[in-house]
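Per the working numbering, the sequence shown starts with residue 139, numbered consecutively. We put the CB at the ideal spot given by N, CA and C, even for glycine. Note that the structure is predicted; figures quoted are calculated from it, not measured. As structure tokens, the structure follows; a few thoughts come after it.
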Amino acid sequence: MGFDLPQYSTSGPAPDYSFKPACGERTLQRTPCSIRSTTETAFICKSGKTTVVLYNQEDNVKMPSYGREALVAGSLLFDSSDSICEVVFEA
Numbered sequence: 139m140g141f142d143l144p145q146y147s148t149s150g151p152a153p154d155y156s157f158k159p160a161c162g163e164r165t166l167q168r169t170p171c172s173i174r175s176t177t178e179t180a181f182i183c184k185s186g187k188t189t190v191v192l193y194n195q196e197d198n199v200k201m202p203s204y205g206r207e208a209l210v211a212g213s214l215l216f217d218s219s220d221s222i223c224e225v226v227f228e229a
């Protein structure tokens with residue numbers, strides 16, 4: 139037994155997002171920062187000659203996570219830094 143889906147028109151691109159309301163906007167609901175207990179567990183990911191270590195993670199996670207407005211803490215480890223000129227982080 140099947141059914142037909144309704145027709146949809148294409149929409150424009152999504153508006154730019156900002157966590158701070160613009161003039162004339164207001165926040166309807168906000169999730170407070172979660173205060174997690176500091177753990178000794180670290181998320182470690184090695185790819186080639188680079189290792190990323192992110193601290194304060196839950197045990198046995200597949201993907202690191204931090205709460206809203208949390209401080210991301212970690213280290214980048216390089217097998218050899220002789221040819222590295224610049225390191226850029228992107229949010």
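Between residue i and residue j, how many whole angstroms is the CB-CB distance? I'm expecting something under 8 Å.
| i | j | result |
| --- | --- | --- |
| Leu-215 | Val-199 | With 8 Å as the limit, Leu-215 and Val-199 do not qualify as a contact, their Cβ atoms being about 19 Å apart. |
| Pro-248 | Phe-181 | This structure gives no information on residue 248, because the portion of the chain shown stretches from 139 to 229. |
Name the DSSP bridge partner or partners of residue i?
| i | result |
| --- | --- |
| Gly-212 | Leu-192 |
| Tyr-182 | The sequence as given places Ile at residue 182; Tyr does not occur at that position. Partner(s): Val-191. |
Within 8 Å: the Cβ of residue i and any heavy atom of the ligand ATP?
| i | result |
| --- | --- |
| Asp-217 | As presented, the structure is devoid of all ligands, the ligand ATP included, so that no description of it is given. |
Between the Cα of residue i and the Cα atoms of the options, which residue gives the shortest distance?
| i | options | result |
| --- | --- | --- |
| Ser-218 | Thr-189, Arg-168, Ser-156, Phe-141 | Thr-189 |
| Glu-207 | Asp-154, Lys-158, Leu-166, Gln-145 | Lys-158 |
| Thr-179 | Ala-211, Gly-150, Pro-153, Asp-154 | Ala-211 |
| Lys-184 | Asn-194, Arg-164, Ser-213 | Ser-213 |
| Tyr-193 | Gly-186, Glu-228, Tyr-204 | Tyr-204 |
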